[in-house]
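> Under my numbering, residue 391 is the last one in the sequence shown; the count climbs by one each step, no gaps.
Note that the Cβ used here is the ideal one computed from N, Cα and C, for glycine as well.
No experiment lies behind these values; they were computed from the predicted model shown.
Please read through the structure below; I'll follow up with questions.
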Amino acid sequence: MSDLDDIQYYGKKVLVRVDFNVTIDNSLVTEDYRIRSAIPTIEYLVKRGAKVILASHLGRPKYRNQNNSLGPVAVRLKEILSRKVDFINDCIGTEVHTKIEKLNYGSILLLENLRYYSEEQNNDPEFCKSISSLADIYVNDAFSTSHRKHASTYGAVKNFDIRLSGFSLIKEIEYLSMIRYNPRKPFTLVIGGSKIKDKIGALENLLPKADKLLIGGGAAYTFLKAKGFKIGNSLFDEEHFDWVKSALSSFGEKILLPLDHIVSSEENSFSTVSGDIPDGMCGVDIGNETSRIYSSEIGGNGFGTIFWNGPMGMFEVGHFAGGTMNVAKSMALAFWRGAMTLVGGGDTIVALKKSGVSESEVTHLSTGGGATLRFLAGDKMPGIEALEQAN
1 MSDLDDIQYY
11 GKKVLVRVDF
21 NVTIDNSLVT
31 EDYRIRSAIP
41 TIEYLVKRGA
51 KVILASHLGR
61 PKYRNQNNSL
71 GPVAVRLKEI
81 LSRKVDFIND
91 CIGTEVHTKI
101 EKLNYGSILL
111 LENLRYYSEE
121 QNNDPEFCKS
131 ISSLADIYVN
141 DAFSTSHRKH
151 ASTYGAVKNF
161 DIRLSGFSLI
171 KEIEYLSMIR
181 YNPRKPFTLV
191 IGGSKIKDKI
201 GALENLLPKA
211 DKLLIGGGAA
221 YTFLKAKGFK
231 IGNSLFDEEH
241 FDWVKSALSS
251 FGEKILLPLD
261 HIVSSEENSF
271 STVSGDIPDG
281 MCGVDIGNET
291 SRIYSSEIGG
301 NGFGTIFWNG
311 PMGMFEVGHF
321 AGGTMNVAKS
331 MALAFWRGAM
341 TLVGGGDTIV
351 ALKKSGVSES
361 EVTHLSTGGG
371 ATLRFLAGDK
381 MPGIEALEQA
391 N
């Protein structure tokens, strides 16, 4: 897998697959971390006289609609770069080719949403040819989509003789490889969110290396039920219950579970309970005692590695955000004490921002959600494999 060095870019058309799948509200980008992650690659190519053609998806549109247009992203990108960014309302075809030919060297063109064409996700051969015909050189700077075998990350890539890794992609692989293969000890995992199934592969790979696993969020209640606790109406993953019991049997001494909970009824009242969760009540956040213990475990790890994926509760609701906010602040404390701290997952990054912890108070924010977990699980990453096949 080659990086951007030692290539002559002047006058070349360079297609950069970025991930600008960001949150947009009223035509304004409200969270731009993924855009900013791609800036080093974009600026590097611009300064070397390339025609930089940016390709991305936004959401999962079933048809062409303004809500999924990348137009607002072009506006935000222009603001960040303080330079002109051209935008065209298609990603393939004669008009796109004409626009590219008219670009000056060192210019930037953002294409419209790739997923306006179903052929993108279907890895359609003809669509792949259309994409690859746009440029001379291909760069993947979208780690967060590299676990998918889509046209712009896999099929079209094979049509390029020169296939390169962008700076953001390389950074992701380097940091996540440290966790996957040789995390600095002590190694603490902090896992939340609602879905256990998405995290099983990563946990199977990381639990043998971890010193502690702190579990919160909806994922915790299946573990608690396996330990014999009543969980009321809380989330329960029956499909993966056997796996949870096996994990507790093999690694129970490493796993910390909530001792108390913020619970809510269907009437939206809430209270704190310890141990069992009563019938009719649903766990919506870790309780104060659990929050104190988890914060101490995280903040006290000042020289090891900490990986956090998934909020501790329904942090979007103010009353149920305490556990997640405390974990975020403890991650910052661990960072300042010298720990290597890594945060992955869209909700987790949003929670970090909501807590007031800045990006500079974390060693690495992974742009990937599913891609991060798949990489840590040791699964194949088609978007990365396509780059390697060129060498």
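According to the Cβ coordinates, are Met134 and Val96 closer than 8 angstroms?
Sequence check: residue 134 is Leu here, not Met. Their beta carbons are under 8 angstroms apart, which means Leu134 touches Val96 by this criterion.
> CB-CB under 8 angstroms to Leu248, same chain, minus the five flanking residues each way: which ones, in chain order?
Phe223, Ala226, Lys227 and Ile255
> For the 8 angstroms Cβ check, are there 3 or more pairs between the segment 165-178 and the segment 199-218?
no
> If you follow the beta strand (DSSP E) that Leu224 is part of, which residue opens it and which one closes it?
Run containing Leu224: none in the beta strand (DSSP E); it sits in the alpha helix (DSSP H), Ala219 to Ala226.
> DSSP state of Gly283, grouped into three classes?
strand
> What's the call for Ser82, buried or exposed, on a 16-neighbour Cβ count within 10 Å?
exposed
> Identify, in the order they occur along the chain, each residue of the same chain with its Cβ nearer than 7 angstroms to the Cβ of Gly304, setting aside the five sequence neighbours on each side.
Arg184, Lys185, Pro186, Phe187, Thr188 and Ala339
> Alpha carbon to alpha carbon, what distance is there between Ala332 and Pro311?
15 angstroms
> Taking the alpha-carbon positions, what's the Gly287 to Val273 distance?
8 angstroms
> Hey, out of Ile80, Leu376, Leu342 and Ala210, whose CA is closest to Val29's CA?
Ile80
> Determine the extent of the alpha helix (DSSP H) in which Tyr63 is found, giving its start and end residues.
No alpha helix (DSSP H) holds Tyr63; DSSP gives it neither H nor E.
> In the DSSP assignment, find the alpha helix (DSSP H) that holds Asn309 and state where it starts and stops.
Counting along the chain, Asn309 falls outside any alpha helix (DSSP H), though it belongs to the beta strand (DSSP E) covering Thr305 to Asn309.
> Around the Cβ of His319, are there at least 16 other Cβ atoms within 10 angstroms (buried) or fewer (exposed)?
exposed
> Got a sec? Which residues, its chain only, sit under 7 angstroms from Asn301 by beta carbon, not counting five neighbours each side?
The beta carbon of Asn301 is closer than 7 angstroms to those of Pro186, Thr188, Ala334 and Ala339 in its chain, skipping five residues each way along the sequence.
> Buried or exposed: where does Thr94 fall if 16 or more other Cβ atoms within 10 Å of its Cβ makes it buried?
Burial is judged here by how many other beta carbons sit within 10 angstroms of a residue's own beta carbon; Thr94 has fewer than 16 and is exposed.
> Throw me the rounded Cβ distance for the Gly299 and Ser330 pair, which I believe falls under 8 angstroms.
Contact between Gly299 and Ser330 holds, since their C-beta atoms are separated by about 4 angstroms, short of 8 angstroms.
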